[in-house]
Each structure stands twice: as C-alpha cells, then as structure tokens.
Amino acid sequence: MTTVEIGPLALGCAPLGNLFEAVTDDDARATVDAAWAQGVRLFDTAPLYGHGLSEQRLGAALRDRPRDEYLLATKVGRVLVPLGAGQEQDDSIFVDVPKVRPVFDFSHGGVLRSVEDSLERLGLDRIDVLHVHDPDDHLDEAEEGAFPALMRLREEGVVGAIGLGTNLASVASRFVGRVDLDWVLLAGRCSLLDRSGPHEVFAACDAHGVGVLAAGVFNSGVLAAPAPDASFHYAPVPKDVLARVRQMEAACTGHGVPLAAAALQLPLRYEVVRAVLVGARTAAEIAEDAALLHVPIPEALWETLASI
Numbered sequence: 506m507t508t509v510e511i512g513p514l515a516l517g518c519a520p521l522g523n524l525f526e527a528v529t530d531d532d533a534r535a536t537v538d539a540a541w542a543q544g545v546r547l548f549d550t551a552p553l554y555g556h557g558l559s560e561q562r563l564g565a566a567l568r569d570r571p572r573d574e575y576l577l578a579t580k581v582g583r584v585l586v587p588l589g590a591g592q593e594q595d596d597s598i599f600v601d602v603p604k605v606r607p608v609f610d611f612s613h614g615g616v617l618r619s620v621e622d623s624l625e626r627l628g629l630d631r632i633d634v635l636h637v638h639d640p641d642d643h644l645d646e647a648e649e650g651a652f653p654a655l656m657r658l659r660e661e662g663v664v665g666a667i668g669l670g671t672n673l674a675s676v677a678s679r680f681v682g683r684v685d686l687d688w689v690l691l692a693g694r695c696s697l698l699d700r701s702g703p704h705e706v707f708a709a710c711d712a713h714g715v716g717v718l719a720a721g722v723f724n725s726g727v728l729a730a731p732a733p734d735a736s737f738h739y740a741p742v743p744k745d746v747l748a749r750v751r752q753m754e755a756a757c758t759g760h761g762v763p764l765a766a767a768a769l770q771l772p773l774r775y776e777v778v779r780a781v782l783v784g785a786r787t788a789a790e791i792a793e794d795a796a797l798l799h800v801p802i803p804e805a806l807w808e809t810l811a812s813i
C-alpha cells in the first residue's frame, strides 16, 4: 500500500474525457491543477473515459508533479480497439473521442494489454491503484481472469494496490472477502438516495481491511441540482425520486445547509470510506466541492435526511 495522505476528496476524471460535452486540454489541466491546490492527491481515471482521452490528459497534467506525492488509479476490463475502415463510433456518453471503441475483456491477457496501453497513454512510470471496472455482467470471467492478473501485478510491484469499481453493492458483496482486495470504488450506492453500500457491504469491507472510495454521491446530478431535467443514475430522474430530493432540499434549507454539502459529506460518516470521489470538468467545480466539505451539518439534519 502507500503512505500518501490522500485526504477526504479525490478527483474522478471521467469529465476530463468529454463526458456529455467537450472539454479543452487547457481546461482539463486547469481542473487537475485546481484539485491539487485544494489538497487532492488521489486521481481516478479509466480507459473508458473519453476512450483513452482522460488518461492522456490526466497523465499530462500530473507528469511534472512529484511522483511520490499522489496516487493514480485507473481500471481494466475494457480494451480500446481501433475503428475499422468505414466503421462508425458506437453510441457513447463521451463526445469527440479518438477513433477507438471500448470492448469488454476481463481475461488475463486482456488485463495485461490494458495496463500496458494505459501506461503508454498516461506517460507515467506506474499505476498506484488498479480497479476491475464494471464486471457486473462478467463475474466469472473477472474472477477467473482479471483478478488473478491484478494480484500477480501487485505481487510483481507493477501496481501498488488492487480494487473493484462497480455501481452495484451486490457485485461488491460477491468479491469482498473472496478476492484479496485493497479498495472498492462504489458509485451511487452510498448516497442520500441509496444506502445499499453501507447496508450490504461496508461491514465486510471493514472486516477484510478493504478501503472504500465513495463515488457518484450526487447520483449523477439530481442531488447537486434537483430539477425535472436532472439525471439520476445517468437517466432522467423519476418523479418520485425528485419528490424525495425536494423533501431533502427543504430539510437542508431549514438548517441553512446546501443539499450538495449533505450529499458530499454523507459517505465520510462511515469509517470505512477513505475518500469521496467527485467528477469535475472545471477548476470552479472542484473548488466548490472542496468548500462543501467544510459546511457544518447538525446531527438533527442527518436524522431527518435518513427518515426521508
């Protein structure tokens, strides 16, 4: 493992891969620089994010930083395959991406290829944390191919730590204790709207010494800016969910607390959570997230939010 003090906030770099809208190289670098200035020392990316673009931009932004002062996390489970002549890009939530497409591959060989390609895109000498990414529909292949490959890479010192990145508490529950993990990156399941992570897997993480990175704390947007056109798990927010969020927002307003502050701070109430992973596409966004961490929240408000 590592002696780097990562702090409570980590930067998720999917937005730097043109998630939903394009970001310039300069803006991506400014976001990483602003995160660093806020004390962020854990940066998470993946081949999927911008089909390699996020890794390229993150590596460029970190290249001149002292290498022993931060942790770089990326993922395996998808390899990037060049588009053939006349082949169209698949539908993607990333725009203006390179002429490659991500293909699921949780095999031992696929992991080794993915790591080699990631190191080349990053332009860095090592990966600190390597996650198996979204094995939800490939559980057996991941267990038989990807995870043994990760453990071998950790033993050889190619990577510092290994983990699992998933949106489902049930997937985390399958592997925690069954695989010798260092981390679980759990997205959207330790939030004001969904506490399946704490209910289903946090006790096992604690028992097996697995740290949790809590991502998706805004449930893809609705807990940051509730509105009828907001997103919930990357889809339009259902009316009943929006109604619950409106109740939470009213409760927060009654205590003078921004809803987004409660959403961001909730995971840190669980001892097993090492950091909250937030995506940001601009320097202003990461500065706002950092400020939300310091908003005082009374215990009475937490009790009210839990009851909604």
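For the sequence shown, the working numbering assigns the number 506 to the initial residue and increments by one for each residue that follows. Glycine included, C-beta positions come from ideal geometry on N, C-alpha and C.
Look up P603 in the DSSP assignment and say whether it is helix, strand or coil. In the sequence shown, the residue the question calls residue 603 occupies position 98. DSSP places P603 outside both helix and strand once states are collapsed to three, so it counts as coil.
What does the Cβ neighbour count give for F737, buried or exposed, with the cut at 16 atoms within 10 Å? Your numbering for residue 737 matches position 232 in the sequence shown. A residue is called buried when at least 16 other Cβ atoms come within 10 angstroms of its Cβ; F737 meets this threshold and is buried.
Ends of the alpha helix (DSSP H) at F525? In the sequence shown, the residue the question calls residue 525 occupies position 20. No alpha helix (DSSP H) holds F525; DSSP gives it neither H nor E.
Ranges of the beta strand (DSSP E) found wholly within the region 520 to 581, counting only runs of at least 3: The qualifying runs are 547 to 549 and 576 to 581.
Between G714 and chain C, is any beta-carbon pair separated by less than 7 Å? Of the protein chains in this structure there is only one, and it is not chain C.
Among the residues of its own chain, which have a CB less than 7 Å from the CB of P803, if the five just before and after it don't count? Looking up residue 803 in the sequence shown gives position 298. Answer for P803: H760, listed in chain order.
Going by the CB atoms, is the gap between A674 and V715 shorter than 7 Å? Reading the sequence shown from its first residue, position 210 is the one you call residue 715. Reading the sequence shown from its first residue, position 169 is the one you call residue 674. The Cβ atoms of V715 and A674 lie no closer than 7 Å to each other.
Touching by the beta-carbon criterion (3+ pairs, under 8 Å), the region 742 to 760 and the region 666 to 673: No contact exists between the region 742 to 760 and the region 666 to 673.
Among all the DSSP beta bridges, which residues are the ones paired with S736? By 1-based counting over the sequence shown, the position of residue 736 is 231. Answer is P741, bridged to S736.
8 Å CB neighbourhood of H613 in its chain, flanking five on each side removed: As a first step, residue 613 must be located in the sequence shown, where it is residue number 108. The beta carbon of H613 lies closer than 8 Å to those of G650, A651, P653 and A654 in the same chain, with the five residues before and after it left out.
Identify the continuous alpha helix (DSSP H) that holds A795 and give its terminal residues. Translated into the one-based positions of the sequence shown, residue 795 becomes position 290. According to the DSSP assignment, A795 belongs to the alpha helix (DSSP H) that extends over A788 to L797.
Which whole runs of the alpha helix (DSSP H) in the region 608 to 655 are 4 residues long or more, in chain order? Here the runs fully enclosed are 613 to 627.
Give me, in chain order, the residues of the same chain whose beta-carbon lies closer than 6 Å to that of D595; leave out the 5 immediate sequence neighbours on both sides. Taking the first residue of the sequence shown as position 1, residue 595 is located at position 90. Within the same chain, D595 has close Cβ partners R606.
Ignore the nearest five residues each way along the sequence and tell me which others in M753's own chain have a CB closer than 7 Å to its CB. Taking the first residue of the sequence shown as position 1, residue 753 is located at position 248. If we look at M753 and ignore the five residues flanking it on each side, its Cβ neighbours are L697, L764, L810 and I813.
Identify the continuous beta strand (DSSP E) that holds V722 and give its terminal residues. Sequence index remark: in the sequence shown, residue 722 carries index 217 (1-based). Run containing V722: none; DSSP gives neither H nor E here.
DSSP three-state assignment for M506, whether helix, strand or coil: If you number the sequence shown from 1, residue 506 lands on position 1. Note on M506: pLDDT 47, under 50, position unreliable in the model; the coordinate value appears next. Here M506 sits in coil by DSSP.
State the DSSP-derived secondary structure class of L516, mapped to helix, strand or coil. Reading the sequence shown from its first residue, position 11 is the one you call residue 516. L516 carries a strand assignment under DSSP once its states are collapsed to helix, strand and coil.
Which residues in the same chain as D699 place their Cβ atom closer than 8 Å to its Cβ, once the five residues preceding and following it in sequence are excluded? In the sequence shown, counting from the first residue as 1, residue 699 sits at position 194. These residues qualify, in order along the chain: G693 and N724.
Candidates L644, H636 and D641: which alpha carbon is nearest M656's? Taking the first residue of the sequence shown as 1, we reach residue 656 at position 151. The residue with the shortest Cα to Cα distance from M656 is H636.
If you follow the alpha helix (DSSP H) that R679 is in, where does it begin and where does it stop? Locating residue 679 in the sequence shown gives position 174, where the first residue counts as 1. That run of the alpha helix (DSSP H) goes A674 to F680.
I need the DSSP call for R583, collapsed to helix, strand or coil. Within the sequence shown, numbered from 1, the residue matching residue 583 stands at position 78. R583 carries a strand assignment under DSSP once its states are collapsed to helix, strand and coil.
Using 7 Å as the threshold, is the C-beta distance between L798 and V722 below it? Counted from its first residue, the sequence shown places residue 798 at position 293. Counted from its first residue, the sequence shown places residue 722 at position 217. Not a contact, by the Cβ cut-off of 7 Å.
Return helix, strand or coil for H728, following the three-state DSSP convention. Position 223 of the sequence shown holds residue 728. Reading off the sequence, residue 728 comes out as Leu, not His. Residue state for L728 is assigned as coil, using DSSP reduced to three classes.
Would you check if there are 3 or more beta carbon pairs closer than 8 Å linking the region 526 to 535 to the region 786 to 794? Counting Cβ pairs under 8 Å, three or more are found: they touch.
Per DSSP, the bridge partner or partners of T671: To locate residue 671, count along the sequence shown from 1; it is residue 166. L691, per the DSSP bridge assignment.
Does DSSP put A666 in a helix, in a strand, or in coil? Position 161 of the sequence shown, counted from the start, is the residue given in the question as residue 666. A666 sits in a strand when the DSSP states are folded into three classes.
Counting Cβ pairs, one atom from each stretch, are 3 or more of them under 8 Å apart for the region 626 to 645 and the region 575 to 592? Counting Cβ pairs under 8 Å, three or more are found: they touch.
Would you mind giving the Cβ-Cβ distance between N523 and V600, rounded to the nearest angstrom? I have them listed as a contact below 8 Å. Within the sequence shown, residue 523 is the residue found at index 18, counting from 1. Within the sequence shown, residue 600 is the residue found at index 95, counting from 1. About 5 Å separates the Cβ atoms of N523 and V600, confirming a contact at the 8 Å cut-off.
Spatial distance of I791 from A766 (CA atoms): Working through the sequence shown from its first residue, we reach residue 791 at position 286. Working through the sequence shown from its first residue, we reach residue 766 at position 261. If you take the alpha carbons of I791 and A766, they lie about 13 Å apart.
Contact check, D549 vs L782, beta carbons under 7 Å: Position 44 of the sequence shown holds residue 549. Position 277 of the sequence shown holds residue 782. Contact flag set, yes.
Less than 7 Å between the beta carbons of H643 and F611, yes or no? For this step, residue 643 is matched to residue 138 along the sequence shown. For this step, residue 611 is matched to residue 106 along the sequence shown. It is a contact, given that the beta carbons lie within the stated cut-off.
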